[in-house]
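Line by line, the protein sequences are chains A and B. Be aware that the first sequence starts at 1, since it is given in this note's numbering, and climbs by one per residue. Be aware that the second sequence starts at 1001, since it is given in this note's numbering, and climbs by one per residue.
There are 2 protein chains.
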Amino acid sequence: MGKKSPLSEAALELVARRFAVLAEPMRLRLLQALFDGEKNVGELVEAVDGTQANVSRHLQTLTAAHVLGRRKEGLQVFYRIIDPTIFKLCELVCGSLEKGLSRQAEALAVE
Amino acid sequence: MGKKSPLSEAALELVARRFAVLAEPMRLRLLQALFDGEKNVGELVEAVDGTQANVSRHLQTLTAAHVLGRRKEGLQVFYRIIDPTIFKLCELVCGSLEKGLSRQAEALAVE
DNA sequence: ACTTTATATGAGCATATACGCATATACTTG
DNA sequence: CAAGTATATGCGTATATGCTCATATAAAGT
């Protein structure tokens, strides 16, 4: 597949949707909590300090987007990251933000 | 800087904000139009087939997020991508989506 | 100074979505 | 089958944001 052809409108909406899934602090906290492996909902609720209902909803969103995988074991449901690009995406953005912050730091130092 | 420490709430909001900036089809179209170099607003309006007002707003959003840079030349304003991570971010997401699509294609073929 | 051209912005409307509360569903155990 | 536990979901509300129309600003030419 080529790299230069412009994406169709439908493809752009998929890309946008993907970024939107990552555009919520609570969902990022969930992903962060899952960085070191699978957890069940109860553990996640505690890890991110949210309500059960809200955490559950965000987990649905991430699962529907194929970012997370779901595994049921008795009463509990375990979630895990199944999209390996998530790690790199977060690294890239964090790196970019660090540069931005050091830029700001410089500006403050100068003035 | 370490790679494993959990991000603060403030940092997570910055990361989320960054993803949110990329979570709109129109802004992605603008970025796509700028992939091969700087363009002025008029050219962008035509390239993405939007209204001047709307394009201008999205350009402000992207500029405020330090994704785009601005250069004024007479009556015209030229925008360009100044954040090099944008390219990699889009590549990663597109790659991930392609996998998703081929997964869907397989599923269709099987059933 | 007036007009024209390029870009930005204020106001209002429509839509999306995050959150909380309550309740439903699914599974286990007695 | 009743009760308890873990997770999901319907509903209402508040907030954010994208879009359009109209208008404002800024720079250039006459």
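Glycine is no exception: its CB is placed at the ideal position from the N, C-alpha and C atoms. Since the model is a prediction, treat every value here as computed from it, not as a measurement.
CB contact check: residue i to chain A, cutoff 7 Å
i                  : result
Arg1018 of chain B : yes
Leu1097 of chain B : yes
Gln1032 of chain B : yes
Gly1042 of chain B : no
Gly1002 of chain B : Unreliable positioning characterises Gly1002 of chain B in this predicted model, as indicated by a pLDDT of 46, which lies under 50. A coordinate reading is not provided.
Gly1050 of chain B : no
Leu1014 of chain B : yes
Leu1022 of chain B : yes
Leu1092 of chain B : yes
Residue environment, residue i, which counts as buried when at least 16 other CB atoms sit within 10 Å
i                  : result
Leu1059 of chain B : buried
Gly1002 of chain B : Caution applies to Gly1002 of chain B, whose pLDDT of 46 falls short of 50 and renders its modelled position unreliable; the value that the coordinates give is listed next. Exposed, because fewer than 16 other Cβ atoms sit within 10 Å of the Cβ of Gly1002 of chain B.
Asp1083 of chain B : buried
Ala16 of chain A   : buried
Ser1096 of chain B : buried
Leu1087 of chain B : A small correction: the amino acid at residue 1087 of chain B is Phe; Leu does not occupy that position in the sequence shown. So Phe1087 of chain B ends up on the exposed side.
Residue i in three-state terms, based on DSSP
i                  : result
Phe1087 of chain B : helix
Glu1009 of chain B : helix
Phe1035 of chain B : coil
Gly1050 of chain B : coil
Gly1074 of chain B : coil
Leu68 of chain A   : strand
Rounded separation between residue i and residue j - CA only
i                  : j                  : result
Glu106 of chain A  : Gly100 of chain A  : 10 Å
Glu9 of chain A    : Glu1009 of chain B : 34 Å
Pro1006 of chain B : Gln32 of chain A   : 7 Å
Arg80 of chain A   : Leu1089 of chain B : 22 Å
Asn54 of chain A   : Val21 of chain A   : 15 Å
Gly1050 of chain B : Arg1029 of chain B : 10 Å
Ala23 of chain A   : Ala109 of chain A  : 31 Å
Leu1012 of chain B : Pro25 of chain A   : 5 Å
Cys94 of chain A   : Gln1104 of chain B : 31 Å
Glu1046 of chain B : Arg1057 of chain B : 15 Å
Leu92 of chain A   : Leu1034 of chain B : 20 Å
Ala65 of chain A   : Gln1052 of chain B : 33 Å
Leu14 of chain A   : Leu1014 of chain B : 22 Å
CB contact check: residue i to chain B, cutoff 7 Å
i                : result
Thr85 of chain A : yes
Lys39 of chain A : no
Gly69 of chain A : no
Leu59 of chain A : no
Do the segment 1024–1039 of chain B and the segment 1067–1084 of chain B touch if we need at least three Cβ pairs shorter than 8 Å?
yes
With a cut-off of 8 Å, do at least 3 Cβ pairs link the segment 1041–1061 of chain B to the segment 1075–1085 of chain B?
yes
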